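Read the structure below first, then the notes.
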Amino acid sequence: MTTTNEHYKTMNKEMQNIIDHAHALVEATSGEIDDRVKEARSALKERLDSARGECGALEDQLLVKVQAADEFIHIKPYYAIGGSLIAGLFLGWFMSRK
Numbered sequence: 002m003t004t005t006n007e008h009y010k011t012m013n014k015e016m017q018n019i020i021d022h023a024h025a026l027v028e029a030t031s032g033e034i035d036d037r038v039k040e041a042r043s044a045l046k047e048r049l050d051s052a053r054g055e056c057g058a059l060e061d062q063l064l065v066k067v068q069a070a071d072e073f074i075h076i077k078p079y080y081a082i083g084g085s086l087i088a089g090l091f092l093g094w095f096m097s098r099k
């Protein structure tokens, strides 16, 4: 069974791969002379830099919340089981309606 930390590392690696591929695309078009390509390249580079920063901040927030939820479930497991049961019943009732 994989742990939350392993999932976090896998998702972080995938996101970094996507950003690295986009950076490679930006670098591949560096020799282009057309103004539209230059504008698109600079806009993509700015967005990638901001996405990398936002991704790191979101990952940190998500990890804190996941750890808090994990701690709560270990402290009060019956609350988690009861909440899951109620949510499942409500979702089943809601989906069975026409």
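In the working numbering, the protein residues as written are 2 to 99. All C-beta atoms in this analysis are idealised placements derived from N, C-alpha and C, irrespective of residue type, glycine included. Just so it is clear, the structure is predicted and the values come from calculations on it, not from any experiment.
- By Cβ distance below 6 Å, which residues in the same chain neighbour V27 in space, the five residues on each side in sequence not counted? R42, L45, K46
- Report the rounded CA-to-CA distance for E72 versus Y79, giving the unit in angstroms. 13 Å
- Would H24 pass as a contact of L49 if the rule is Cβ separation under 8 Å? yes
- Could you tell me the boundaries of the alpha helix (DSSP H) in which D165 lies? Because the chain here runs from 2 to 99, residue 165 falls outside it and cannot be looked at.
- Message: Using a Cβ-Cβ cutoff of less than 7 Å, which residues in the same chain neighbour I74 once the five nearest sequence positions on both sides are dropped?
- Response: A81
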